[in-house]
Amino acid sequence: MSNTSDVIVVGGGVIGTAIAYALAKEKLKVALLEQHDLCSGATYASAGMVAPLSDSPVGHPSLDLGIRSYRMYDSWIKEIEEAGGFFVDYLRSGILRVAVTEEDERELKALSGRAAEIGLNAQWLDPKEARDVEPLLSPSIRGASWSPDEPQLHPSRYVETLRRAALAHGAVIREQAQVVALQRNGSKVTGVRTATESFSAATVILAMGSWTANAGNWLGTAVPVHPLRGQMVYVNALPQPLRHTIMHGDTYAVPKADGTP
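Numbered by the working numbering, the letters in the sequence shown go through residues 5 to 265 in order.
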């Protein structure tokens, strides 16, 4: 097998596999290299929310990018499911951002108003209205900001769908292939080396998430990427499953298609 490609993508999370698919679809020869298994890093531990209001608060410079991405998701998911012959479990289950304190209520009412101003569907619900939407909410809540259109998906199924779609368009995917160095010709990067093989390409894309900082050793300069710690717990389905994603502060419960929150 030739180890020469047009593009090498280093990293097999959602970003790397999406890039590999998109480039392969454009008829480029693509090789994706992942140090472990696909979807074994931060993507695996993510909740899978497509939530621009959570990831980029109103007024944050990245909000426009988040909204543009959010509005592309319906057609994007349809495209990759058709290309990969697999289903992502993409659900428009909506998000309830719950107010427990007076400060929560004040902030979430303001969020609902600002979201509407930028074209996102969000509204303030009083406690009864919130419990009508999600009966499992505590009677003691002060209300909730309700965004019915914010979707979520299953991260592992998302990456598997992208993997199949990329392969269908001719991409090469190598797992257990940890890159240990970049190949260079003067100042130009010409490929990468693993512990056992060399791979050549005109373009190398580092899609390694927080591990991109390790590339500083290859480049001889610090890469200012730092990990952000988060924890995810998978639990068994409740007797009465949650209907929607529930958020309070930095904590959330995200029900999946199989009923597990």
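We put the CB at the ideal spot given by N, CA and C, even for glycine.
Within the same chain, Cβ atoms closer than 7 Å to the Cβ of Arg188 are found at Thr194, the five residues on either side in sequence being excluded. A direct Cα-to-Cα measurement between Ala199 and Val239 gives close to 38 Å.
Between the stretch 43 to 62 and the stretch 151 to 159, the count of C-beta pairs closer than 8 Å reaches three or more; the two stretches touch.
The alpha-carbon of His252 is positioned some 14 Å away from that of Leu140. Straight-line measurement puts the Cα of Leu32 at about 33 Å from the Cα of Ser60. Per DSSP, Asp10 is one residue of the beta strand (DSSP E) stretching across 8 to 14. At least 8 Å separates the beta-carbon of Arg110 from that of Ser149. Our two residues, Gly213 and Gly15, have alpha carbons roughly 8 Å apart in a direct line. Note: Gln156 is bridge-paired with Met53, Leu95 in the DSSP secondary-structure output. Closest in alpha carbon position to Ile145, among Leu129, Pro152, Glu154, is Leu129.
By the Cβ neighbour-count rule, Ala35 is buried, with 16 or more other Cβ atoms within 10 Å of its own. Residue Ser97 holds the alpha-carbon nearest to the alpha-carbon of Arg247 among Ala241, Lys113, Ser97, Ser116. Note on geometry: alpha-carbon atoms of Thr165 and Lys82 lie some 11 Å from one another.
When secondary structure is reduced to three states using DSSP, Gly195 falls in the strand class.
If the five residues before and after Lys113 are omitted, its C-beta is found closer than 6 Å to the C-beta atoms of Trp128, all from its own chain and listed in chain order.
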